[in-house]
Amino acid sequence: MNKVLLALLIITLFLTSGCLDTQITHVVIREDHPWEIASGRRMWHTLRYNVGKQVETLHLSVGVREVTLLLPLHYTHIFALYPLGSNSPLGGGLTPLRKEEKVYLSQREGALTDTLLRIVPTWSEIVSHLNYDKIVGDILTFPSSYKIDYRTLVKDLVEGNYDVSRYNYQNTYEASFDTLPSGRYVSDSPNCPSFYKSEYRTVVLDSLIPGVYNFYHVDLKMMCTLLVPDDKNTKPTYYMKALDTLFTITNSEYQKLLEGR
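The letter at position 60 of the sequence shown is residue 60 when you use the working numbering, and the numbering goes up by one with no holes.
In structure tokens, the structure reads:
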């Protein structure tokens with residue numbers, strides 16, 4: 001029944017929007033998130049994408065791995081998908097140069113698409129006509145594509161000074177964990193490794209770029225958030241907090257969530 005309703009919705013949108021001016025696009029989550037692997041549970045997501053001067057937001061329920069959108073033709077569309085609404089995003093893009101209906105999201109492209117969507121309200125024309133595939137290809141030439149300074153990259157796109165040789169982060173930071181509860185911590189970001197903390201051992205993570213990192217404590221079912229500022233004079237800070245109830249409900253309650261998607 002859900003598939004029938006979805007098909008009717010797509011047909012209705014297609015007819016009312018103008019057949020020649022729109023395209024059906026399937027946005028697909030193909031990767032298994034590290035927290036999903038560690039917990040054995042699928043997560044819910046928030047999808048953000050550009051349409052003209054707007055950034056649209058769509059909620060994906062627990063277990064949903066694909067969504068169908070009707071988007072304007074002849075423009076570049078950028079997608080950022082946030083596990084649990086705000087965790088490290090997955091990303092992807094679709095340009096008029098690619099005659100494909102499916103976009104596969106990956107963590108590798110998440111930071112890029114997150115940064116691009118932030119400039120849409122002011123610089124929508126740049127994003128809508130961007131050669132996204134070229135930028136992704138350029139990023140992959142770096143020895144480690146996760147050390148890219150995306151803020152500088154996007155700033156240069158706006159100013160017309162794009163130069164791929166400029167975007168490798170020069171300043172990285174170190175974070176020490178000494179007061180955390182012992183146990184296994186699973187990172188949500190490709191920019192930061194997972195780690196195990198023993199009771200009397202300090203864990204040090206180095207080569208971190210500025211940003212927010214989240215870790216899933218497997219046994220306690222809690223989350224540790226690490227804040228890394230872009231300032232050599234300010235130390236990174238961290239704190240523990242409750243995790244989304246998705247990870248703490250019973251198996252039967254979780255199964256009901258899956259069946260309700």
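Where is the CB? At the ideal position from N, CA and C, for every residue including glycine. Quick caveat: nothing in here was measured; it's all calculated off a predicted structure.
Of the listed residues the options, nearest to residue i (C-alpha basis)
i      : options                        : result
Asp32  : Arg65, Lys53, Tyr167, Tyr49    : Arg65
Asp178 : Leu105, Asn131, Arg201, Lys232 : Arg201
Tyr185 : Leu70, Val120, Asn214          : Asn214
Leu257 : Lys134, Arg41, Thr141          : Arg41
Arg108 : Pro229, Ala242, Val204, Cys192 : Cys192
Ile119 : Lys99, Val158, Tyr254          : Val158
Ile249 : Leu227, Val28, Thr25, Met43    : Met43
Val27  : Ile37, Glu100, Val228, Gly52   : Glu100
Glu259 : Leu70, Thr152, Gly63, Ile139   : Gly63
Ala242 : Met223, Pro229, Val228         : Met223
Tyr238 : Leu105, Leu226, Gly85, Pro143  : Leu226
Gly211 : Ala175, Val204, Asp219         : Ala175
Ile37  : Val164, Val51, Tyr49, Val218   : Val218
Leu220 : Met240, Asn251, Asp206, Gly85  : Met240
Pro121 : Tyr196, Val204, Asp206, Val51  : Val51
Endpoints, alpha helix (DSSP H) assigned at residue i
i      : result
Tyr132 : 132-139
Ser128 : 120-128
Lys155 : 150-159
Assigned secondary structure, residue i (DSSP; H/G/I helix, E/B strand, else coil)
i      : result
Ile37  : helix
Gln255 : helix
Glu66  : strand
Arg30  : coil
Asp163 : coil
Lys147 : helix
Within 7 Å, strictly: CB atoms of residue i and residue j
i      : j      : result
Glu199 : Ser187 : no
Ser189 : Ser88  : yes
Ser39  : Phe247 : yes
Tyr169 : Ala111 : no
Tyr75  : Ser128 : yes
His45  : Pro83  : yes
Ile295 : Leu117 : No information on residue 295 is available, as it lies outside the stretch 1 to 261 that the chain covers here.
Thr113 : Gly91  : yes
Leu208 : Thr245 : no
Leu81  : Leu47  : yes
Tyr132 : Gly93  : yes
Leu180 : Tyr167 : no
Leu105 : Ile24  : no
Tyr216 : Trp35  : yes
Asp138 : Val103 : no
Host beta strand (DSSP E) of residue i (start-end)
i      : result
Gly260 : No beta strand (DSSP E) holds Gly260; DSSP gives it neither H nor E.
Tyr173 : 173-177
Tyr185 : 183-187
Tyr263 : Not covered by the structure: residue 263. The range shown for the chain is 1 to 261.
Lys197 : 195-197
- [ ] Pick out the complete alpha helix (DSSP H) segments inside the segment 41-118, 4 residues or longer, and give them in chain order.
- [x] Assignment of alpha helix (DSSP H) within the segment 41-118, counting only whole runs of 4 or more residues, yields 110-118 in chain order.
Open item on the list: For a minimum of 3 consecutive residues, which ranges assigned as the beta strand (DSSP E) are wholly contained in the segment 209-249?
Closed with: The segment 209-249 contains these whole beta strand (DSSP E) runs: 211-217, 222-228, 237-242.
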